[in-house]
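Listed in order, the protein sequences are those of chains W and E. Taking the working numbering, the leading residue of the first sequence gets 1, the next gets one more, and so forth. Taking the working numbering, the leading residue of the second sequence gets 1001, the next gets one more, and so forth. For each residue, glycine too, the CB sits at the ideal point set by N, CA and C. Following: one structure in structure tokens, then a few remarks.
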Amino acid sequence: MTRYENQVAEHRDYLYKFARLQLRNEAWAEDAVSETLLAALAKPQAFDNRSQLKTWLVGILKHKVVDALRHHGREVTGLGSSEDEDTDPLELLNFKADGHFVETPADWGNPEQQTSSRQFFEILEACTEKLPAVQGRLFLMREWLELSSEEICKELDLTPTNLYVQLHRARLRLRECLEMNWFQKAGAL
Amino acid sequence: KLLRRTCKEATALMVAREDRVLPVADRVALYFHLAACKACPRFEKQMLTMRNSMRQWRHYSEK
């Protein structure tokens, strides 16, 4: 193996962790990482040292993840499954019968300073992993892959209404998890 | 009366605007609700914290 091939292979574990978080499926993640490594090994001249090798590989992997999500469209969106169709997480917030808050939501402190520690990112990742699979994938397509709602609907042949319902639930579940496990500094995942 | 929204409705709008552009009537109603409500600005700040945290998480991972 050349030095370049060795360096590419060294990043496999990191890429797999990234792909698994996005895809929620070990086999799909393995495939996406393998295709990424193959693409990188097939065209070493495409890597011109302008960025770090790992950052460049993550860029390739993002495209492979979107390809995988598109390829497994129906499974990704889980339409027809009964996942999480019971209650709207909005009901977890404390509202009176007239629709107003029972008590003021908690003060999470300075939005910029509260969330820049390694420990917080570990909690955030754990909370994201706890989301139901469909919600987690769609949420990460928005927030990690930075696709617009229109792009997600197009890639997955999803109606805007279906997407918005899933993202609404994902955001409220994530808020609840962060409040319990970080901002209240109580309980454990 | 058209501008009136409950906290529950305002909360749903604050979540929705993370992923889509709200209709003008909803944006105006939310503006007036947030100006008059003592509780909902806290929720708005929580959503801002989540938005910032996702951005910082991405940057942290790239770093």
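Roughly how many whole angstroms lie between the Cα atoms of residue i and residue j?
i	j	result
Leu189 (chain W)	Gln7 (chain W)	Confidence at Leu189 (chain W) is low in this model, with a pLDDT of 41, below 50, so its placement is unreliable and the value that follows should be read with caution. In a straight line, the C-alpha of Leu189 (chain W) is about 35 Å away from that of Gln7 (chain W).
Trp182 (chain W)	Arg137 (chain W)	23 Å
His63 (chain W)	Thr104 (chain W)	42 Å
Ala133 (chain W)	Tyr1060 (chain E)	24 Å
Leu15 (chain W)	Tyr164 (chain W)	29 Å
Lys1008 (chain E)	Ala1035 (chain E)	15 Å
Could you have a look at residue i and say whether DSSP puts it in helix, strand or coil?
i	result
Phe95 (chain W)	strand
Phe101 (chain W)	strand
Asp67 (chain W)	helix
Gly109 (chain W)	coil
Gln1056 (chain E)	helix
Ala186 (chain W)	The pLDDT assigned to Ala186 (chain W) is 39, lower than 50, so where the model puts this residue is not dependable; a value taken from the coordinates is nonetheless given after this. If DSSP states are grouped into helix, strand and coil, Ala186 (chain W) belongs with coil.
His72 (chain W)	coil
Val1018 (chain E)	Rather than Val, the amino acid found at residue 1018 (chain E) in this sequence is Glu. Residue state, collapsed to three classes: coil.
Glu146 (chain W)	coil
Leu167 (chain W)	helix
Ser34 (chain W)	helix
Leu158 (chain W)	coil
Can residue i be considered in contact with the ligand FAD, in the sense that its beta carbon sits closer than 6 Å to one or more heavy atoms?
i	result
Ala126 (chain W)	For the structure depicted, the ligand FAD is absent and the ligand set is empty, with no information on it obtainable.
State yes or no: is the C-beta of residue i within less than 7 Å of the C-beta of residue j?
i	j	result
Arg24 (chain W)	Pro89 (chain W)	no
Ser149 (chain W)	Arg1020 (chain E)	yes
Leu195 (chain W)	Trp1057 (chain E)	No answer is possible for residue 195 (chain W): it lies beyond the span of chain W, which begins at 1 and ends at 189.
Ile60 (chain W)	Thr36 (chain W)	yes
Ala1012 (chain E)	His1033 (chain E)	no
Leu108 (chain W)	Thr1049 (chain E)	What sits at residue 108 (chain W) in the sequence shown is Trp, not Leu. Taking 7 Å as the Cβ cut-off, Trp108 (chain W) and Thr1049 (chain E) qualify as a contacting pair.
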